[in-house]
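J.: Heads up: the sequence shown begins at 696 in the working numbering, then just goes up one per residue.
We put the CB at the ideal spot given by N, CA and C, even for glycine.
Note that this is a predicted model, so its numbers are computed, not measured.
Take a look at the following structure, please.
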Amino acid sequence: MASTVADRVAALLNRAVLGVAAVGGGSFGKTYRIQFFSGGAAFVKTLEHAEKVAGPGYFDAEAAGLRWLREAVAADGASGGVRVPEVLGVAEDILVTSWIAPGRPTPDGAEEFGRRLASLHARGAHGFGADWPGYIAVLPLDNGGDDDWATFYVERRVLPYVRLARDRGHLDAEGAQVIEEVCTRIDFLAGEEERPSRIHGDAWSGNILWDGRGEGWFIDPAAHGGHRETDLAMLALFPPPYLDRIIAAYDEVHPLADGWQERVPLHQLHPLLVHAALYGSDYGTRAASVARELAERLR
């Protein structure tokens, strides 16, 4: 497999490959470190039978998201958005990005990440959604746009995964019903309208790579124009180290709206339903429990 990866990268980038080392693999693919004869290294993700496991354009979507997030750094320089690896090459079954030497998070690095996340969100988006079809993990993500966040969230982030989790037997009918009921009254829960933010879209701790300086980089995005509280809710659901420092630094740069903590469960409905569809009924139960908590606030 390593020689095949080397050949694929060499052809894709037109660069001679000196060596390949496996560096792990996630639930859906394998990852490698590539060393080039000319010097330097790259990170490679592969997904065998990508069109069957995920669907067409899987790595194209990730590459588009990385480039879009990276624009925020390029636009604002050293104080711009969260650092993102550079896309070096992409094909249907392979993605090559710049190599980021891994390290460990530090308190100062976490604070810098919080400031950069605030800058990324403040960079904004032209609307809710994105100009490319998306994925979250290996599930299609509808990036079609809507005029307001509440409609976008219900129609393109919550209800599709209610149906998918229910169809897979990972969410019972009662749980699906209470989530759907909450969706009909989301305007009472969503808070004041905010302009679209440039968000990562799947910002759990595993999608933050801490480099040798202890500073955070975003990887594996489901990027789109969305609500900034969505990224913060995902961080809270699967938290990185020093989350309190991240939030405090964020709030200094881009103050959060009143009541944002009360809305965290609402923004967690989508990732919980995605996890239910992919990983089983425990997450379906959690999503239904969150919906019941939200429903209580509406009574």
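How about residue 783 and residue 791: do their beta carbons lie closer than 8 Å?
T.: Numbered from 1 along the sequence shown, position 88 holds the residue referred to as residue 783. Numbered from 1 along the sequence shown, position 96 holds the residue referred to as residue 791. Yes, Cβ-Cβ distance for residue 783 and residue 791 is below 8 Å.
J.: Along the beta strand (DSSP E) that carries residue 730, what are the first and last residues, could you check?
T.: The residue given as residue 730 occupies position 35 in the sequence shown. 725-731 is the span of the beta strand (DSSP E), which, as asked, contains residue 730.
J.: Going by CA-CA distance only, name the one from 723, 953, 900, 987 that's closest to residue 799.
T.: Along the sequence shown, read from residue 1 onward, the residue named residue 799 stands at position 104. Closest option to residue 799, Cα to Cα, is 900.
J.: Which residue marks the beginning of the alpha helix (DSSP H) containing residue 928, and which one marks its end?
T.: As a working mapping, residue 928 is identified with position 233 in the sequence shown. Where residue 928 is concerned, the enclosing alpha helix (DSSP H) stretches over 923-932.
J.: Check whether the segment 705-714 touches the segment 749-761, counting contact only when three or more Cβ pairs, one atom from each stretch, lie closer than 8 Å.
T.: With fewer than three CB-CB distances shorter than 8 Å, the segment 705-714 does not count as touching the segment 749-761.
J.: Just the C-alpha distance for residue 931 and residue 732, rounded to the nearest angstrom, thanks.
T.: Counting from one through the sequence shown, the residue named residue 931 turns up at place 236. Counting from one through the sequence shown, the residue named residue 732 turns up at place 37. Roughly 42 Å separates the two Cα atoms.
J.: Verify whether the separation of the beta carbon atoms of residue 981 and residue 893 is less than 8 Å.
T.: Reading the sequence shown from its first residue, position 286 is the one you call residue 981. Reading the sequence shown from its first residue, position 198 is the one you call residue 893. No, they are not a contact pair.
J.: Between 748, 813, 786, which has its C-alpha nearest residue 949's C-alpha?
T.: Mapped onto the sequence shown, residue 949 falls at position 254. Cα-wise, what sits closest to residue 949 is 813.
J.: To the nearest angstrom, how far is it from the Cα of residue 879 to the Cα of residue 920?
T.: For the purposes of this step, residue 879 is taken as the residue at position 184 of the sequence shown. For the purposes of this step, residue 920 is taken as the residue at position 225 of the sequence shown. Going by the C-alpha atoms only, they are around 22 Å apart.
J.: Are there three or more Cβ pairs, one per stretch, closer than 8 Å when the segment 803-810 is compared with the segment 900-916?
T.: In this structure the segment 803-810 touches the segment 900-916; the number of beta carbon pairs closer than 8 Å is three or more.
J.: Please tell me whether residue 860 and residue 896 are closer than 8 Å, where the distance is taken between their beta carbons.
T.: Counting from one through the sequence shown, the residue named residue 860 turns up at place 165. Counting from one through the sequence shown, the residue named residue 896 turns up at place 201. No.
J.: For my contact list, residue 742 and residue 788 are in at a C-beta cut-off of 8 Å; report their separation, rounded to the angstrom.
T.: For the purposes of this step, residue 742 is identified with residue 47 of the sequence shown, where counting begins at 1. For the purposes of this step, residue 788 is identified with residue 93 of the sequence shown, where counting begins at 1. Their Cβ separation, rounded to whole angstroms, is 6 Å, which keeps residue 742 and residue 788 in contact under 8 Å.
J.: Mind listing, in chain order, the continuous alpha helix (DSSP H) runs of no fewer than 4 residues lying wholly within the segment 739-801?
T.: 745-748, 753-771, all fully within the segment 739-801.
J.: Taking only three categories from DSSP, how would you classify residue 912?
T.: Working through the sequence shown from its first residue, we reach residue 912 at position 217. Residue state, collapsed to three classes: strand.
J.: Near residue 810, what residues of its chain come up, given a Cβ to Cβ distance below 6 Å and the 5 sequence neighbours on each side ignored?
T.: Translated into the one-based positions of the sequence shown, residue 810 becomes position 115. Once the five neighbours on either side are set aside, the close Cβ partners of residue 810 are 944, 948.
J.: Under 8 Å Cβ to Cβ from residue 855, same chain only, skipping five residues before and after it: list those, please.
T.: Counting from one through the sequence shown, the residue named residue 855 turns up at place 160. Contacts found: 837.
J.: Flag this pair as yes or no: are the beta carbons of residue 881 and residue 848 separated by less than 8 Å?
T.: The residue given as residue 881 occupies position 186 in the sequence shown. The residue given as residue 848 occupies position 153 in the sequence shown. Residue 848 is positioned such that its CB atom lies closer than 8 Å to that of residue 881.
J.: Verify whether the separation of the beta carbon atoms of residue 853 and residue 871 is less than 8 Å.
T.: Mapped onto the sequence shown, residue 853 falls at position 158. Mapped onto the sequence shown, residue 871 falls at position 176. No, these two residues do not count as a Cβ contact at 8 Å.
J.: Enumerate in chain order the residues of its own chain whose CB-to-CB distance from residue 797 is below 8 Å, with the five nearest sequence positions on each side excluded.
T.: On the sequence shown, position 102 is the one that residue 797 refers to. 904, 905, 906, 907.
J.: In terms of alpha-carbon separation, which member of 866, 890, 821 lies closest to residue 845?
T.: Working through the sequence shown from its first residue, we reach residue 845 at position 150. Per the Cα distances, 890.
J.: Just the C-alpha distance for residue 877 and residue 735, rounded to the nearest angstrom, thanks.
T.: In the sequence shown, counting from the first residue as 1, residue 877 sits at position 182. In the sequence shown, counting from the first residue as 1, residue 735 sits at position 40. Taking the straight line from one Cα to the other gives about 51 Å.
J.: Quick check on the DSSP output: the beta strand (DSSP E) that includes residue 894 runs from which residue to which?
T.: Sequence index remark: in the sequence shown, residue 894 carries index 199 (1-based). Where residue 894 is concerned, the enclosing beta strand (DSSP E) stretches over 892-894.
J.: By alpha-carbon positions, which one of 966, 965, 823, 937 ends up nearest to residue 843?
T.: Here residue 843 is taken as the residue at index 148 of the sequence shown, counted from 1. Cα-wise, what sits closest to residue 843 is 823.
J.: Within the continuous beta strand (DSSP E) that includes residue 903, where are the two ends?
T.: Counted from its first residue, the sequence shown places residue 903 at position 208. Note, residue 903: beta strand (DSSP E), 903-905.
J.: Quickly, what does DSSP pair residue 834 with across the bridge? List them, please.
T.: Taking the first residue of the sequence shown as 1, we reach residue 834 at position 139. Looking at the DSSP assignment, residue 834 forms a beta bridge with 831.
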